[in-house]
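Using my numbering, you'd call the opening residue of the sequence shown number 3 and step up by one each time.
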Amino acid sequence: KAYQSYQQTYQKATGKAWTPEKFRDEASAWTFYGDDQRTGYITIKNQGQFVKLTTLAGSLKGAMIGLRKLLSENRPVWGMTSAQLVPIFSRVGMAPVDSRTSRCVVNRIQPFYFSSPATIATDGAVTINYSDVGAATKYLIVNSQMQSYVNGFSCGNV
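Here you go:
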């Protein structure tokens with residue numbers, strides 16, 4: 003059921019989705035948070051002291067219940083999301099960063115997460131060309147605990 007929710011959500015949002023095999027491979031490293039009926043969820047991947055928000059799928063209401071559960075743990079969380087979801091994430095404590103910060107963070111993480119160079123627009127939108135699903139434009143979002151870390155980054159002239 004998790005794959006079907008993912009596939010429907012991503013097909014609707016982007017026109018593309020991973021294969022079931024790729025989803026299973028990726029999901030094996032994720033922790034799922036959602037509503038009790040499992041109609042919607044978010045997933046995270048632990049990255050040492052940070053948590054990366056990796057997926058939102060199914061019912062938005064269920065996914066937001068999951069996000070609130072995650073944020074109640076008071077851990078530094080970051081993720082990337084579409085422009086359409088930025089206002090929804092902002093309402094529950096995951097705010098987009100400014101374009102300078104986006105450029106700084108993406109430049110630091112690019113070698114670890116993206117197979118090709120990302121481009122960053124003046125509004126902070128990050129376009130990534132994925133080898134399996136093509137180009138996607140997303141915004142970097144962080145919670146207040148992650149913002150504290152991001153504020154301490156030395157970015158120089160980015």
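Using N, Cα and C, we set each Cβ at its ideal position, and we do this for glycine too.
Asked: For Q49, report the span of its beta strand (DSSP E) as first-last.; Found: G42 to Q49
Asked: Give me the DSSP bridge partner(s) of F52.; Found: Q49
Asked: Classify A4 as helix, strand or coil using the three-state DSSP reduction.; Found: helix
Asked: In chain order, what residues of the same chain lie with their CB nearer than 8 angstroms to the CB of S66, ignoring the 5 residues before and after it?; Found: According to the sequence as given, residue 66 is Met; it is not Ser. The residues are G42, I90 and V94.
Asked: Is DSSP giving V79 helix, strand or coil here?; Found: strand
Asked: Just checking my contact of A120 with I130 at CB under 8 angstroms: how many whole Å lie between their CB atoms?; Found: 5 angstroms
Asked: Our contact map puts L142 next to S104 with C-beta atoms below 8 angstroms; I'd like the distance itself, whole angstroms only.; Found: 5 angstroms
Asked: Can you check DSSP and say which residues form a bridge with A138?; Found: I130
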